[in-house]
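What follows is a set of notes on a single structure, which appears directly below.
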Amino acid sequence: MSAGAVTGILLAAGQARRFGANKLLAPLPDGTPVALAALARLRMAVERVVIVTPAEGATADRFEDEGLAPVRCADAAAGMAHSLRCGIAASTDSSAWLVMLADMPYVRTATLQQIVQALQAGAAIVVPRHAGRDGHPVAFTARFRAELQALTGDRGARAILDAHPESVQYLDVDDPGIHQDIDTPGDLQP
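Given below as structure tokens:
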């Protein structure tokens, strides 16, 4: 796989039910909104990023205010798989995708770069692990395009991992950020 062939997909279309407000726009301790911090890290690992947001609302508007063009997913409320499908559809020419959740701003840039390097070295699916636990983001080569585009519901791509265990490369990383998503206001602290 050639360098630059990996597209980052930032999934920023969640409902944030547990947070009580739009967690993706909540400021981190340095003042940066959660989703923009996640985006900044993702952009350091890949040349191309597709941002997926709900069709309407403040999240998409905020990205546009930053001069970005998010993919507004009409059926984002149907679950994470639908948002992922929107991201894949907007980048079908990619050789691989690094799928990052916008509520995970503490994943280290070095971890993202390691995942991309594993893809470029021939891995088909890459899952980071820290302290024996799988985490996010997860990456897939285009070999799984049809399966990614067929996903439904709110399980994301877990079904693909379960169906192809022989294709999964686990990448041990020293990064607790792969488990740290923002679900409550207390999670905003690293």
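Using the working numbering, the first residue of the sequence shown is number 1319, and each one after it goes up by one.
All C-beta atoms in this analysis are idealised placements derived from N, C-alpha and C, irrespective of residue type, glycine included.
These figures come from a predicted structure and were not determined experimentally.
Compute the distance between the beta-carbons of residue i and residue j, then report whether it is under 8 Å.
i: residue 1485; j: residue 1443; result: yes
i: residue 1445; j: residue 1489; result: yes
i: residue 1509; j: residue 1505; result: No answer is possible for residue 1509: the residues shown for the chain start at 1319 and end at 1508.
i: residue 1354; j: residue 1382; result: no
i: residue 1466; j: residue 1458; result: yes
i: residue 1437; j: residue 1364; result: no
i: residue 1456; j: residue 1439; result: no
Within the 8 Å Cβ cut-off, does residue i reach chain C?
i: residue 1492; result: In the displayed structure, chain C is absent; only one protein chain is listed.
Since residue i and residue j are thought to touch, with beta carbons under 8 Å apart, how far apart are those beta carbons, to the nearest angstrom?
i: residue 1326; j: residue 1370; result: Incorrect: roughly 11 Å between the Cβ atoms, too far for contact.
i: residue 1380; j: residue 1347; result: Not really, about 19 Å apart at Cβ, beyond 8 Å.
i: residue 1345; j: residue 1424; result: Not really, about 14 Å apart at Cβ, beyond 8 Å.
i: residue 1329; j: residue 1405; result: 7 Å
i: residue 1408; j: residue 1356; result: Not confirmed; about 18 Å, so no contact.
i: residue 1376; j: residue 1402; result: So it is not a contact: roughly 21 Å between Cβ atoms.
i: residue 1373; j: residue 1388; result: With 8 Å as the limit, residue 1373 and residue 1388 do not qualify as a contact, their Cβ atoms being about 10 Å apart.
i: residue 1263; j: residue 1448; result: A query on residue 1263 cannot be resolved here, the shown segment of the chain reaching from 1319 to 1508 and no further.
In the DSSP assignment, what are the bridge partners of residue i?
i: residue 1487; result: 1444
i: residue 1423; result: None, per the DSSP bridge assignment.
i: residue 1329; result: 1370 and 1419
i: residue 1404; result: According to DSSP, which records beta bridges pairwise, residue 1404 is partnered with nothing at all.
i: residue 1389; result: 1370
i: residue 1345; result: 1351
Cβ of residue i versus every heavy atom of the ligand COA: is any distance shorter than 7 Å?
i: residue 1478; result: Ligands in the displayed structure: none, and consequently the ligand COA is not present.
Check: Can you give, in chain order, each stretch of the alpha helix (DSSP H) that sits fully within the region 1347-1378 and has at least 4 residues?
Finding: 1352-1361
Enumerate, from N- to C-terminal direction, the unbroken alpha helix (DSSP H) stretches of 4 or more residues contained entirely within the region 1447-1502.
1463-1467 and 1476-1481
Problem - Touching by the beta-carbon criterion (3+ pairs, under 8 Å), the region 1464-1482 and the region 1492-1508 - result: no
| said: Under 8 Å: do the region 1389-1409 and the region 1426-1440 share three or more Cβ pairs, one atom per stretch? | reply: no
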